[in-house]
Amino acid sequence: MDPVRTSPSPVPLPRPRSRATILHADLDAFYASVEQIDKPSLRGKPVVVSGLGLRGVVATASYEAREHGVRSAMSTMEARGRCPNAAFLAPRFEAYRAASLVVMELLAELSPLIEPLSLDEAYVDLAAGSHHDLSDDGVRALAADLKRSVHQRTGLTVSVGAGSSKLVAKIASDLGKPDGLMVISAGDEAAMLRPLAAVRLPGVGPATAAKLRAIGVTTIAQLADLSEADAVTALGKSQGRGLWLLAHGFDDRPLSLERESKSVSVEDTFDRDIADVPRLMSIVEEMSRRVVERLAATRLSGRTISVKVRLHDFTTLTRSATLPAPTDDPRVVVRLARQLLAEVDVSGGLRLVGVGVSGLADWTQDDLFGELIAADPDDDPTPTAEASLDATPAGQAARTWVPGRDVVHATFGHGWVQGSGAGWVTVRFETRDTPPGRVKSFRVGDPNLRPTAPYGAAPAR
DNA sequence: TCTGGGGTCCTAGGACCC
DNA sequence: TCTGGGGTCCTAGGACCC
765 MDPVRTSPSP VPLPRPRSRA TILHADLDAF YASVEQIDKP SLRGKPVVVS
815 GLGLRGVVAT ASYEAREHGV RSAMSTMEAR GRCPNAAFLA PRFEAYRAAS
865 LVVMELLAEL SPLIEPLSLD EAYVDLAAGS HHDLSDDGVR ALAADLKRSV
915 HQRTGLTVSV GAGSSKLVAK IASDLGKPDG LMVISAGDEA AMLRPLAAVR
965 LPGVGPATAA KLRAIGVTTI AQLADLSEAD AVTALGKSQG RGLWLLAHGF
1015 DDRPLSLERE SKSVSVEDTF DRDIADVPRL MSIVEEMSRR VVERLAATRL
1065 SGRTISVKVR LHDFTTLTRS ATLPAPTDDP RVVVRLARQL LAEVDVSGGL
1115 RLVGVGVSGL ADWTQDDLFG ELIAADPDDD PTPTAEASLD ATPAGQAART
1165 WVPGRDVVHA TFGHGWVQGS GAGWVTVRFE TRDTPPGRVK SFRVGDPNLR
1215 PTAPYGAAPA R
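So in my numbering the end of the first sequence lands on 1225, straight run, no missing numbers.
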């Protein structure tokens, strides 16, 4: 019985491509291989590229190190225990970027439509290239040529998979590793997928695997043989339908050449937990400046500032606030980030802090306010969210309620503005006994709520 | 010997607007 | 005076990927 027919979908099923024209290229043990190429004495020996700090983890282990049980994401300490003779190296991203560039250029010769996923992985849509023989044998020959030229130009080995979809191509390259070449013919997708463990599907991690196990599903076949409704019940609408479709090999996701970045962040795990507030504040300040520098380098600005902390017990918290307009002013980001950190109880010590900016906008958009700001001789020439809003009459209210401002409410007491919009403002109140405080929203003009000081008097924090 | 850093997407609840 | 539904924005957390 055909399980697809027994559980009709409200949305049409994706139609697979009729030929195996999607290619997935994945460099083998990439970081470690680059190190072995650059340092011949390491060839044939176990190499581990990892964070070297007390709390570092393994980024890549060479196949020699994997024989000793070293795996990605394992703590460096555990890797040292398993393979004490390995060379432990800190990552050298400049070298990896250079090698990656060479490989990506070779891929780009095959087709104008390539989608890099990371330094060591990319999809290629051969059907967008010209004059290729797109029969299975033709694709196999193209892949073999690619593997040869990658090795000639870089010394690296690459595993290549080809299939009628991203999913099939990726799993095919994975199955062949290392130095693999596997073409899955159109029509053979389900037969290839069904025997595999469900965790091989992209999007099935430990948590999803546990949910699936709870309903007796460990293989892709078992997931495919569920009704779509049962998959949705177990995993939720989006993930349930998505994985159920993938389990059948239904995947018509197109390749996307370039994606706009949505956030920029910096974070650091300390060798020892830090509870010292002034020290944490100065770390957050320095991180804020680094984030802004990276924003500026791509001519972007952002509206939402986030602070992330990880407690001694690995509990992870985030606090964020959204400005009325994007900013790339380090002073604004620093001030907000420090205030967000001040909300968190750090007395138990932090193992990690981070600062991020999201809600990104083109720098040029912010520039629209340039004339207005320049027209005001009192204003700082740097465009800021506060300054640009102040240039419009409607901005007056927003400036009064700019996030981070200290306010006092007749009933709830002292707090600070978390966010504002047209006609409303949210305030976080500092209630020392119930951290991190509670947030309430008010109408702009609520007589019970007022700023603690005229604008310009920086809050004492 | 505890568990990186840089991201993306999804969910859920509160609050707003219409 | 009470009730309401859809859409959107915001915050927080979780899962996942490389």
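All residues carry an ideal CB built from backbone N, CA and C; glycine is no exception.
Can you tell me which of the three DSSP states serine 1065 falls into?
-> strand
Cβ-Cβ separation, alanine 825 to serine 839 (assumed contact under 8 angstroms), whole Å | Contact doesn't hold; Cβ gap of about 13 angstroms is too wide.
Residue closest to leucine 785, alpha-carbon to alpha-carbon, out of Ile878, Val821 and Leu853 | Note on residue identity: the sequence assigns threonine, not leucine, to residue 785. When each option's Cα is compared against that of threonine 785, the closest is Ile878.
Below 7 angstroms between beta carbons: does that hold for valine 812 and phenylalanine 852?
-> yes
Report the residue from Ser1065, Ile1069 and Gly1112 whose alpha carbon sits nearest the alpha carbon of glycine 1090.
-> The question names glycine, but residue 1090 in the sequence shown is proline. Minimum Cα distance to proline 1090 is reached at Ser1065.
Inter-residue CB distance, arginine 834 and arginine 904 (contact presumed, cutoff 8 angstroms) | Arginine is not the amino acid found at residue 834; the sequence shown has valine there. Actually they do not touch by this definition, with Cβ atoms about 33 angstroms apart.
Considering only residues of the region 988 to 1020, which uninterrupted alpha helix (DSSP H) runs meet the minimum length of 4 residues and lie entirely inside it, listed in chain order?
-> 992 to 999 and 1001 to 1011
What is the DSSP secondary structure of lysine 975, counted as helix, strand or coil?
-> helix
Do methionine 1051 and valine 1028 come within 7 angstroms of each other at the CB atom, strictly closer than that value?
-> no
So glycine 925 and histidine 788 are in contact, right, with Cβ under 8 angstroms, and what is the actual spacing, rounded?
-> 5 angstroms
On the premise that valine 922 lies in contact with leucine 791, defined as a C-beta separation below 8 angstroms, what is that separation, rounded to the nearest angstrom?
-> 5 angstroms
Is the number of C-beta pairs between the region 1055 to 1074 and the region 1106 to 1126 that are closer than 8 angstroms three or more?
-> yes
Run the CB neighbour count on aspartate 943, radius 10 Å, all protein chains shown included, and call it buried at 16 or more, exposed below.
-> exposed
Coarse secondary structure for isoleucine 1137, derived from DSSP in three states | In this prediction, isoleucine 1137 scores a pLDDT of 34, lower than 50, which makes its location untrustworthy; the coordinate-derived value is nonetheless stated afterwards. Three-state result, isoleucine 1137: helix.
Taking the beta strand (DSSP E) that alanine 851 falls in, what are its first and last residues?
-> 851 to 853
Considering only the beta carbon of each residue, do arginine 1102 and methionine 1045 sit closer than 7 angstroms?
-> yes
Hey, out of Asp989, Ser1002 and Lys1026, whose CA is closest to glycine 1013's CA?
-> Asp989
Proximal residues to alanine 908 (C-beta, below 7 angstroms), its chain only, five neighbours per side dropped | Leu945
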